[in-house]
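Quick note, the sequence shown lines up with residues 309 to 766 if you use the working numbering.
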Amino acid sequence: MDKKILSMIKEIVGEEYVTNNPEIVKGYIYDETALPVRPRAANNILLVKPANTYEISEVLKLANKEKIPVFPRGGGTGLVGAAIPTVDGIVLSLERLDKIEIDKDNLMAIAEAGVTLRKLLEEAEKAGLFFPAHPGDESAQIGGLVACNAGGSRAVKTGVMRNYIRGLEVVLPTGEVLSLGGKLIKDNAGYDLAQLFIGSEGTLGIITRAIIRLYPKSKFMATLVIPYNNREEAFKTVPKILQSGIIPLAIEYVERKLVEKTANSLGMKWPASEGEYFLMIIVSEQSENSLYEVLERLADICTSNGSLEPLIADTRREQDSILKIRSEIYTFLKPESIDILDVTVPPANVLDLIKRIEKIANEYGIEIPVYGHVADGNLHPHILRIDGWSMEKYKEIIGKIYSEAIRLGGTITGEHGIGAIRKEYLLKFKSAKEIELMKELKKLFDPNNILNPDKVIP
Ligand SMILES: Cc1cc2nc3c(=O)[nH]c(=O)nc-3n(C[C@H](O)[C@H](O)[C@H](O)COP(=O)(O)OP(=O)(O)OC[C@H]3O[C@@H](n4cnc5c(N)ncnc54)[C@H](O)[C@@H]3O)c2cc1C
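So this is what it looks like as structure tokens:
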């Protein structure tokens, strides 16, 4: 980078927050995407760590003028290479924007972009409130969670990031600062631009602050592990639960062969000794009586739909350990994985999807482990490494799984996003007009294409 520009950046954020030292930079140019499909980072990267919105705005004005690519970075936990700087430029880490304030009366958190999910959960709890969503890795940051519209297991009752965000502060690639929405439950003043930034994966603007809706602390929570010997019965129970009027925080689907191995790798134990297929249900209620009433009704629904005896975990420790095992399946499978998919269909079609994935696996004589957020219709099939196979062969299988999801009325990604590694598939599954409009929007917000330039849009 030109020496003059480098010294201008140092002047904006302070010399100690700018570096191109490869030993430091290397911690900021990868994410959690499976290695075989993870994009390569470019060689000439300048790491910049601004302290506030003003500094970000000044850096972007300069980058826009000089046409230097800028890659916003949160916790680096993304799964599609979206934060990886694939061309020379600036990695802009939001980690120093780490302030959070809880507004108890409005039940909202005002969090800067670099606040981690862990900190949001803790601060909400300290204030006697609750942030229900739980995308698996608590080191993800608010900016990244918003930019990816993250979901996770606890999305059944209160939704994904998009459903929590009431306001955003965003710096545009041209340096202007937008303050969108507010501590409002209702706001119909024109187009909802904040929603456009949610899920934009760092391509339209840098999120610096978010106003996040919180919920009353769930005083009584329990996790049920419901074993089945028959997979169809497990899937068919899910709509029965929702139709009964019980809306749990989470309804997850896992299989014994996966959870046992994951638990062993963590030095833990999966609590159920019977059954091959499991629903894992998290419920939260405001009183002990209503919790036990709901648990009883759930147990009745499940057993009358073919389950074995449900297991109830009601201590915090037991529940945390079940959630931990579920959250770590990805990490356990990762070393053997070529790619982790995120296909999503209308919830009632999820059994068909899993059967079609199994058919594809049988066709190729391979195993495709599947688990996921069953009540959201969102599954994570893992494509595992097979000796001697080419990337083309894996892509053929991925293409077939995507086609089946689309045929069932679904989408190629329900929560992880497009990033760098799914762009080619977007072209195949979105209409030409939709892609054209996305390109026009990108041009409108980022006329010089400096912000996360080669992501999302094919
Ligand atoms: C073990 C594990 C489990 C996971 N489970 C889930 C899950 O259940 N559900 C789910 O949805 N995801 C899950 N994820 C994926 C990941 O945690 C989410 O995608 C998360 O939202 C990424 O946040 P981050 O801060 O790490 O973002 P990063 O990886 O740093 O960045 C992701 C994208 O956001 C952009 N970005 C980051 N900060 C900003 C900002 N301030 N402004 C604008 N753009 C920004 C980046 O440029 C990039 O495009 C999981 C990941 C792991 C490793």
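Backbone N, C-alpha and C fix where the C-beta goes; we use that ideal spot for every residue, glycine too.
Contact between the stretch 446 to 466 and the stretch 669 to 687 is present: 3 or more CB-CB pairs across the two stretches fall below 8 Å. Contact check between the stretch 605 to 614 and the stretch 566 to 578: fewer than three CB pairs, one atom from each, fall below 8 Å, which does not count as touching. As far as DSSP is concerned, Phe737 takes part in no beta bridge. Bounds of the beta strand (DSSP E) holding Gly489 are 485 to 489. Ranked by Cα distance from Lys548, the options Gln503, Leu599, Arg605, Lys525 are led by Arg605. One thing to note: Gly510 has its Cβ no nearer than 7 Å to the Cβ of Ala421. In the DSSP assignment, Thr611 falls within the alpha helix (DSSP H) that extends over 596 to 611. When the beta-carbon positions are compared, Val562 and Tyr679 come within less than 7 Å of each other. The three-state secondary structure of Tyr338, taken from DSSP, is coil. Residue range 473 to 479 is occupied by the beta strand (DSSP E) that includes Val479. Burial of Thr652 is indicated by the presence of at least 16 other C-beta atoms within 10 angstroms of its C-beta. The three-state secondary structure of Phe753, taken from DSSP, is helix.
When Cβ pairs closer than 8 Å are counted between the two stretches, the stretch 705 to 716 is seen not to touch the stretch 331 to 344, the count staying below three.
Three or more beta-carbon pairs separated by less than 8 Å link the stretch 744 to 756 to the stretch 505 to 522, which places the two stretches in contact. Secondary structure of Thr570 (DSSP, three-state): helix. Counting only the Cα atoms, Thr466 lies some 10 Å from Leu522. With fewer than 16 neighbouring CB atoms inside 10 Å of its own CB, Glu675 falls in the exposed class. The beta carbon of Ile534 sits closer than 7 Å to the beta carbons of Phe586, Leu587, Ile589, Cys610, Ser615, Pro618 from its chain, once the five residues preceding and following it are set aside; these are given in chain order. Residues Gly382, Gly383, Leu402, Glu403, Ala421, Gly422, Val423, Thr424, Leu425 of the same chain have their beta carbon placed closer than 8 Å to that of Gln449, with the five preceding and five following residues left out of the count.
Bridge partners of Ala417 according to DSSP: Ile410, Ile520.
Taking all protein chains shown into account, Met416 has 16 or more neighbouring C-beta atoms within 10 Å of its C-beta and is therefore buried. Inclusion of Gln449 in the 6 Å shell around ligand 1 follows from its C-beta lying nearer than that to a non-hydrogen atom of the ligand.
Linking Ser508 to Ile633 through their CA atoms gives a straight-line distance of about 30 Å. Ile646 sits in a strand when the DSSP states are folded into three classes. Distance from the CA atom of Thr531 to the CA atom of Ile620, rounded to whole angstroms, is 6 Å. Under DSSP, Leu354 shares a beta bridge with Ile398. For Ser592, the enclosing beta strand (DSSP E) begins and ends at 585 to 593.
Using a C-beta cut-off of 8 Å, the stretch 362 to 377 makes contact with the stretch 476 to 494, since at least three inter-stretch Cβ pairs fall below that distance. Classified as exposed, Asp608 has fewer than 16 neighbouring CB atoms from the shown chains inside 10 Å of its CB. Taking each of Val591, Phe528, Asn537 in turn and checking the Cα distance to Ile554, the smallest one comes out for Val591. The residues Thr385, Leu387, in chain order, have a CB closer than 6 Å to that of Glu340 in the same chain once the five nearest residues on each side in sequence are set aside. Scanning its chain for C-beta atoms nearer than 6 Å, with the 5 sequence neighbours on each side dropped, one finds around Asn328 the residues Leu354, in chain order.
Its chain contains Pro766 as the residues whose beta carbon lies nearer than 6 Å to that of Lys731, once the 5 sequence neighbours on both sides are disregarded; these appear in chain order. Sequence-distant Cβ neighbours of Ile743 in its own chain, meaning closer than 8 Å and more than five residues away, are Leu734, Leu735, Ile765, Pro766. Tyr561 carries a strand assignment under DSSP once its states are collapsed to helix, strand and coil. CA-CA distance, Glu409 to Ile473, rounds to 15 Å.
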